[in-house]
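Heads up, the thing below is written out as structure tokens.
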Amino acid sequence: MCRTLVVPLLAVALSGCSLLGRNAPCTLVGAESGVSAVWRPADFGAQDAARIRLCVNSTCKERTSGAPDDPFASLFVRLPDDVGASTLPVRLTMTSAQSGDTVVEDSTRARLTEQHPNGTSCPPTAWTASFRADPVKGLVSPEGMRLQG
Numbered sequence: 001m002c003r004t005l006v007v008p009l010l011a012v013a014l015s016g017c018s019l020l021g022r023n024a025p026c027t028l029v030g031a032e033s034g035v036s037a038v039w040r041p042a043d044f045g046a047q048d049a050a051r052i053r054l055c056v057n058s059t060c061k062e063r064t065s066g067a068p069d070d071p072f073a074s075l076f077v078r079l080p081d082d083v084g085a086s087t088l089p090v091r092l093t094m095t096s097a098q099s100g101d102t103v104v105e106d107s108t109r110a111r112l113t114e115q116h117p118n119g120t121s122c123p124p125t126a127w128t129a130s131f132r133a134d135p136v137k138g139l140v141s142p143e144g145m146r147l148q149g
């Protein structure tokens, strides 16, 4: 009987966990707070056909749309880690690389959600929101986005 009880307790102790879930080992996955936009470069037709600019509050990042044979491309605007459960203004501007004309201009508000990549009891805590940058509709939900053509 004693051996039956000792073996499971020893296994729990060696795994770094306690019976109450304390002292659980944490992985070392990193995470940053921010807002991202993802898109399929093939949706833009040609190599670097558009310049995409994503702004959150007054911080902006931009890049070209990418190569049509790439499955996806993205932009990430980093936010302070202590931003919390905020709702922030987001602006997207897409301009034609050929003419310089604005193709799409859109704005919305991003509701940041809490992320714990290593589990709720382990750091870091990141606050994130994600969008799809659609070349016709602007900022839309990334749900259901197929990353291959």
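Residues 1 to 149 in my numbering are what the sequence shown spells out, letter by letter. Each residue gets a CB set at the ideal place from its N, CA and C atoms; glycine is no exception. Since the model is a prediction, treat every value here as computed from it, not as a measurement.
Reducing DSSP to helix, strand and coil, say where residue i ends up.
| i | result |
| --- | --- |
| A42 | helix |
| V136 | coil |
| V77 | strand |
| V29 | coil |
Spell out the partners DSSP gives residue i in its beta bridges.
| i | result |
| --- | --- |
| S107 | R91 |
| L56 | For the record, residue 56 in the displayed sequence is Val; it is not Leu. Partner(s): T59 and V90. |
| G34 | R78 and T128 |
| S96 | A50 |
| T64 | R51 |
| T102 | T95 |
Just to confirm, are residue i and residue j a CB contact at a threshold of 8 Å?
| i | j | result |
| --- | --- | --- |
| T128 | S33 | yes |
| S107 | V90 | yes |
| R132 | P123 | no |
| A126 | D81 | yes |
With burial defined as no fewer than 16 other Cβ atoms inside 10 Å of the residue's Cβ, what is the status of residue i: buried or exposed?
| i | result |
| --- | --- |
| D101 | exposed |
| L92 | buried |
| A85 | exposed |
| V56 | buried |
| S121 | exposed |
| P151 | Residue 151 cannot be examined here, being either before or after the span of the chain that is shown, 1 to 149. |
| S96 | exposed |
| V35 | buried |
| A67 | exposed |
| S99 | exposed |
Identify the continuous beta strand (DSSP E) that holds residue i and give its terminal residues.
| i | result |
| --- | --- |
| E114 | T113 to Q115 |
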